[in-house]
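Residue numbers (the working numbering), protein chains in the order written: chain A, 9 to 139; chain B, 574 to 939.
First up is the structure itself, then whatever we jot down about it.
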Amino acid sequence: MSEIPGDLKFLKSHEWARAEDDGLVRVGISDHAQGQLGDLVYVELPEIGSAVKAGTGAAVVESVKAASDIYAPISGEVVEVNELLNDKPETINEDAYGAGWIFLVRPSDRAELDELLDANEYEELIENDDH
Amino acid sequence: MTEKTVLNATHRALGARMVDFGGWDMPINYGSQIEEHHAVRRDAGMFDVSHMTVIDLHGARSREFLRHLLANSVDKLKVHGKALYSCMLNEQGGVIDDLIVYYLGEEFFRLVVNAGTRAKDLAWIEQQAAAFAVQVKERPEFAMIAVQGPSARAKVLGLLHEVDRPRIEKLGKFAAAAAQGPHGMPLFVARTGYTGEDGFEIIVSDEHAVALWEALAAAGVAPAGLGARDTLRLEAGMNLYGQDMDETVSPWEANLGWTIALDEGRAFIGRAALEQQKAAGVPRVMVGLVLDDKGVLRHGQKVLTANGDGEILSGSFAPTLDKAVAFARIPAGTAGDMRVDIRGREVPVRLVKYPFVRDGKPCEGI
Numbered sequence: 009m010s011e012i013p014g015d016l017k018f019l020k021s022h023e024w025a026r027a028e029d030d031g032l033v034r035v036g037i038s039d040h041a042q043g044q045l046g047d048l049v050y051v052e053l054p055e056i057g058s059a060v061k062a063g064t065g066a067a068v069v070e071s072v073k074a075a076s077d078i079y080a081p082i083s084g085e086v087v088e089v090n091e092l093l094n095d096k097p098e099t100i101n102e103d104a105y106g107a108g109w110i111f112l113v114r115p116s117d118r119a120e121l122d123e124l125l126d127a128n129e130y131e132e133l134i135e136n137d138d139h
Numbered sequence: 574m575t576e577k578t579v580l581n582a583t584h585r586a587l588g589a590r591m592v593d594f595g596g597w598d599m600p601i602n603y604g605s606q607i608e609e610h611h612a613v614r615r616d617a618g619m620f621d622v623s624h625m626t627v628i629d630l631h632g633a634r635s636r637e638f639l640r641h642l643l644a645n646s647v648d649k650l651k652v653h654g655k656a657l658y659s660c661m662l663n664e665q666g667g668v669i670d671d672l673i674v675y676y677l678g679e680e681f682f683r684l685v686v687n688a689g690t691r692a693k694d695l696a697w698i699e700q701q702a703a704a705f706a707v708q709v710k711e712r713p714e715f716a717m718i719a720v721q722g723p724s725a726r727a728k729v730l731g732l733l734h735e736v737d738r739p740r741i742e743k744l745g746k747f748a749a750a751a752a753q754g755p756h757g758m759p760l761f762v763a764r765t766g767y768t769g770e771d772g773f774e775i776i777v778s779d780e781h782a783v784a785l786w787e788a789l790a791a792a793g794v795a796p797a798g799l800g801a802r803d804t805l806r807l808e809a810g811m812n813l814y815g816q817d818m819d820e821t822v823s824p825w826e827a828n829l830g831w832t833i834a835l836d837e838g839r840a841f842i843g844r845a846a847l848e849q850q851k852a853a854g855v856p857r858v859m860v861g862l863v864l865d866d867k868g869v870l871r872h873g874q875k876v877l878t879a880n881g882d883g884e885i886l887s888g889s890f891a892p893t894l895d896k897a898v899a900f901a902r903i904p905a906g907t908a909g910d911m912r913v914d915i916r917g918r919e920v921p922v923r924l925v926k927y928p929f930v931r932d933g934k935p936c937e938g939i
């Protein structure tokens, strides 16, 4: 299992959010989540320009094993999606916290980030998950 | 309580992701299910299938008993070691389980049945066997390793005692024989499988299973989990009990008509119901589907046809084909253009003849 980057915030449902310097928030799923899902074979990306709401479904990832909703960690407008995942969904398995990001949001309320788990809290959560 | 096979610690040492599989703690993958799938299609992989139940039948009337118990005809078994795939039905013609029966002697047959149905199978078989004075003996002390893939047989042969090699090399498909493995360990080697590739399923006593697994690994056989086993058997067009058929489904409705032997004068359990259903017309059929668009077909999704709705049975992404395939049960008759409801989106699918993959290659029309 790879180290959890300290600048990430998490939902309990294993999505991460990274506040970027330009005020946008990048979203993906955790390395733990990709490990649980197994080999990913399909990602249903949100549409650029669509509105997402914190805590509700914004994308879907499908592994060989199962389909899984991806919840938006923050509300706002989708300004970019990771088109690479259309051809190479396995990028999430290979680099969940980097090249495997899923979409980028212009947040309507950045304060929502404060409600998310920080890296330590998330690490604790998945440790308990494993037992 | 979760049961463990004798190879449990071996799987864990290999870093397997373990899951509960019908009450057994089993490896779903050792890292990448897709890579394990390809290893079996292209070279050789091995599966721990020790959770499966081995049942030996002894008695002078064993063959007569199996004529009564099974929908396929045990009289097709004429040569020692030959195997037969069959359904075991209830009186209503529903499938209690599917199994393989081996002919090991006129008074000795071996059954291999599913793990998830172990208790009810044993109860049913014992109940039916009483009238034939056949002894029903479970063999929990056996482990089973399936070695599958184009190089699988060669890799196993290399581990056998020299004197056994030519005989096992000549072993025909769906036949089994005894042989000596590494360090002289006794093996029961069957040229059967659940992947659509050539290979062996090897029954070995628990005490030798780890040594056999390690010898196979050293010979270049890749460990593969039950996840890969599932996508391999789906591509190969093989049913999974509980998902593709159960006690509410007849073999006619599960595309298993080829396993029903309506031989003259044999009164097997469920025969009357099967004949009745055939005469009246089978209401539902099982078909193969391919999704050419992106997405994955999954168990339980609704299938829309010109004749009414059906449902996806086994469905998955198929690594050899790089798209999703499925079995579906739909109303009999002309299906017309078909669609599958994937999370509220109606996606067109193609009706195809399966298997989807044979001997490592996509079949024509897939």
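All C-beta atoms, glycine included, are put in the ideal place defined by N, C-alpha and C.
Got a sec? Which residues, its chain only, sit under 6 Å from residue i by beta carbon, not counting five neighbours each side?
i, result
"Val-627 of chain B", "Val-685, Arg-712, Phe-715"
"Leu-677 of chain B", "Arg-683"
"Asn-645 of chain B", "Leu-657, Ser-659, Thr-832, Ala-834"
"Ser-21 of chain A", "Tyr-79"
"Arg-839 of chain B", "Arg-640"
"Ser-116 of chain A", "Ser-83, Gly-84"
"Ile-12 of chain A", "Ala-127, Glu-131"
"Gly-654 of chain B", "Ala-748, Ala-749, Ala-750"
"Gly-883 of chain B", "Val-876, Ala-901, Arg-902, Ile-903"
"Glu-795 of chain B", "Looking at the sequence shown, residue 795 of chain B is not Glu but Ala. If we look at Ala-795 of chain B and ignore the five residues flanking it on each side, its Cβ neighbours are Ala-612, Gly-618."
"Asp-671 of chain B", "Cys-660, Tyr-814"
"Ala-589 of chain B", "Pro-600, Tyr-603"
"Asp-866 of chain B", "Val-920"
By Cβ distance, which residues of its chain are closer than 8 Å to residue i, with the 5 residues on each side in sequence left out?
i, result
"Arg-585 of chain B", "Met-591"
"Gly-909 of chain B", "Thr-878, Ala-879, Asn-880"
"Leu-924 of chain B", "Val-860, Gly-861, Leu-862, Ala-908, Met-911"
"Glu-826 of chain B", "Met-818, Val-855, Pro-856, Arg-857, Val-858, Met-859, Arg-902"
"Thr-575 of chain B", "Asp-593, Gly-596, Trp-597, Asp-598"
"Gly-769 of chain B", "Leu-805, Arg-806, Glu-808, Ala-809, Gly-810, Met-811, Pro-928, Val-930, Arg-931, Asp-932"
"Ser-889 of chain B", "Asp-803, Thr-804, Leu-807, Val-869, Leu-870, Arg-871, Ala-897, Val-898, Ala-899"
Checking contacts by CB at 7 Å: is residue i closer than that to chain B?
i, result
"Glu-91 of chain A", "no"
"Tyr-79 of chain A", "no"
"Gly-65 of chain A", "no"
"Gly-46 of chain A", "yes"
"Glu-70 of chain A", "yes"
"His-139 of chain A", "Unreliable placement is indicated for His-139 of chain A, whose pLDDT of 48 sits below 50; the coordinate value is still reported in the next sentence. So, not an interface residue."
"Ser-83 of chain A", "no"
Cutting at 7 Å between CB atoms, please list the residues of its own chain near residue i, excluding the five before and the five after it.
i, result
"His-139 of chain A", "For His-139 of chain A, the predicted structure reports a pLDDT of 48, less than 50, and the residue's modelled location is therefore unreliable. A value from the coordinates is still provided. Answer for His-139 of chain A: no residue qualifies."
"Pro-755 of chain B", "Leu-732, Ala-784, Leu-785, Ala-788"
"Asp-737 of chain B", "Ala-752, Gln-753"
"Asn-581 of chain B", "Asp-598"
"Gly-815 of chain B", "Gly-689"
"Asn-101 of chain A", "Gln-42, Asp-47, Leu-48"
"Thr-765 of chain B", "Ala-656, Ile-673, Phe-747, Glu-774"
"Arg-634 of chain B", "Phe-705, Ala-706, Val-707"
Assuming residue i and residue j form a contact by the criterion Cβ under 8 Å, report the distance between their Cβ atoms to the nearest whole angstrom.
i, j, result
"Ala-104 of chain A", "Ser-83 of chain A", "Between Ser-83 of chain A and Ala-104 of chain A the Cβ distance is about 23 Å, and since that is not below 8 Å, they are no contact."
"Ala-702 of chain B", "Phe-638 of chain B", "6 Å"
"Ala-782 of chain B", "Val-579 of chain B", "5 Å"
"Leu-45 of chain A", "Ala-74 of chain A", "7 Å"
"Leu-744 of chain B", "Val-762 of chain B", "7 Å"
"Ala-901 of chain B", "Val-876 of chain B", "5 Å"
"Gly-595 of chain B", "Ala-797 of chain B", "18 Å between Cβ atoms; not a contact."
"Asp-621 of chain B", "Ile-718 of chain B", "6 Å"
"Gly-36 of chain A", "Ile-110 of chain A", "5 Å"
"Leu-643 of chain B", "Met-661 of chain B", "6 Å"
"Gly-938 of chain B", "Lys-926 of chain B", "7 Å"
Does the CB of residue i have a neighbour CB from chain A at under 7 Å?
i, result
"Gln-606 of chain B", "yes"
"Phe-890 of chain B", "yes"
"Pro-921 of chain B", "no"
Of all Cβ atoms in chain C, is any one closer than 7 Å to the Cβ of residue i?
i, result
"Phe-900 of chain B", "No chain C appears in this structure, whose protein chains are A and B."
Short-range partners of chain A found in the region 856–871 of chain B, where Cβ spacing is below 9 Å: Lys-867, Gly-868, Val-869, Arg-871
Within 8 Å of chain A by C-beta, residues of the region 793–809 of chain B in sequence order: Gly-800, Thr-804
Proximal residues, the region 50–61 of chain A versus chain B, C-beta separation under 7 Å: Tyr-50
Short-range partners of chain A found in the region 700–721 of chain B, where Cβ spacing is below 8 Å: none
Members of the region 590–614 of chain B that neighbour chain A once the beta carbon cut-off is set at 7 Å: Asn-602, Ser-605, Gln-606, Ile-607
Inter-stretch contact at 8 Å, needing at least 3 Cβ pairs: the region 673–685 of chain B / the region 816–835 of chain B: no
Interface positions of the region 13–32 of chain A facing chain B (Cβ-Cβ less than 7 Å), listed along the chain: none
Near-chain B residues of the region 107–119 of chain A - C-beta to any C-beta below 9 Å: none
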